[in-house]
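K.L.:
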Amino acid sequence: MNQMGHTSEHEGMAFDETFRIGELAREFDVTLRTLRFYEDKGLINPRRVGNLRLYSRADRARLRIVLLGKRVGFSLKDIREILELYDPSGGNRRQLEVSIEKGETHLRKLHHDRKQLDNAIGELDATIDNLRELLDAPKS
Numbered sequence: 080m081n082q083m084g085h086t087s088e089h090e091g092m093a094f095d096e097t098f099r100i101g102e103l104a105r106e107f108d109v110t111l112r113t114l115r116f117y118e119d120k121g122l123i124n125p126r127r128v129g130n131l132r133l134y135s136r137a138d139r140a141r142l143r144i145v146l147l148g149k150r151v152g153f154s155l156k157d158i159r160e161i162l163e164l165y166d167p168s169g170g171n172r173r174q175l176e177v178s179i180e181k182g183e184t185h186l187r188k189l190h191h192d193r194k195q196l197d198n199a200i201g202e203l204d205a206t207i208d209n210l211r212e213l214l215d216a217p218k219s
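Sequential numbering of the sequence shown, starting at 80, is according to my numbering.
So, in structure tokens, the structure goes:
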């Protein structure tokens, strides 16, 4: 293994790129604890060599999907379901369909939440304006 955590077989054979936990943490700007948590949840599965965790390119790709899913508000359950549908020998049509379904469902929820938040903001703005008027009103 070289200094960058990458390994390879003999010339002409398959290149098996691996990443150490610190490399992925830096690349994706997450903590080591976050990576261990996702490992505990079975979302990524590094190869273990003693205490050393070696992440494959597939683990790295899965991590990218996990972090994207979390950023847009998917649950770990939804993310796991999407990851489990991956088929390395196919076009992953079902994985894409489920991703779209879950994305559309979550987008509807976000639009609903935003509408409720906008209403709450409007009500609070009006209440604060009314309270200011009361405060500024001449005392009788």
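C-beta: ideal position from N, C-alpha, C; glycine also.
Check residue 154 in the structure and name its three-state DSSP category.
P.N.:
Note: residue 154 maps to coil in three-state DSSP.
K.L.:
Cβ of residue 145 within 8 Å of Cβ of residue 122?
P.N.:
yes
K.L.:
Using a Cβ-Cβ cut-off of 6 Å (strictly less than) and excluding sequence neighbours within five positions of residue 100, which residues of its own chain qualify?
P.N.:
111, 114, 132
K.L.:
In whole angstroms, what separates the C-alpha of residue 129 from that of residue 151?
P.N.:
So the two alpha carbons sit approximately 35 Å from each other.
K.L.:
Report all residues from its chain with a CB closer than 7 Å to the CB of residue 139; omit the five preceding and five following residues, and keep chain order.
P.N.:
98, 103
K.L.:
With C-beta atoms as the reference, is residue 158 less than 8 Å away from residue 169?
P.N.:
no
K.L.:
Give a yes or no on whether the C-beta atoms belonging to residue 160 and residue 177 are separated by under 8 Å.
P.N.:
Yes, these two residues count as a Cβ contact at 8 Å.
K.L.:
Hey, how far is the Cα of residue 126 from the Cα of residue 116?
P.N.:
15 Å
K.L.:
Let me make sure I understand the geometry here. Which of 173, 136, 180, 167 has the alpha-carbon closest to that of residue 153?
P.N.:
180
K.L.:
On a Cα-Cα basis, can you pick out the residue from 119, 134, 118 that is closest to residue 106?
P.N.:
Put simply, of 119, 134, 118 the residue whose alpha carbon is nearest the alpha carbon of residue 106 is 134.
K.L.:
Bridge partners for residue 221 per DSSP, in chain order?
P.N.:
Beyond the ends of the chain as shown, which are 80 and 219, falls residue 221; an answer cannot be given.
K.L.:
For residue 90, name the three-state secondary structure that DSSP assigns.
P.N.:
With a pLDDT of 38 at residue 90, under the threshold of 50, the modelled position of that residue is not reliable, and the figure given next carries that caveat. Residue 90: coil per DSSP, three-state reduction.
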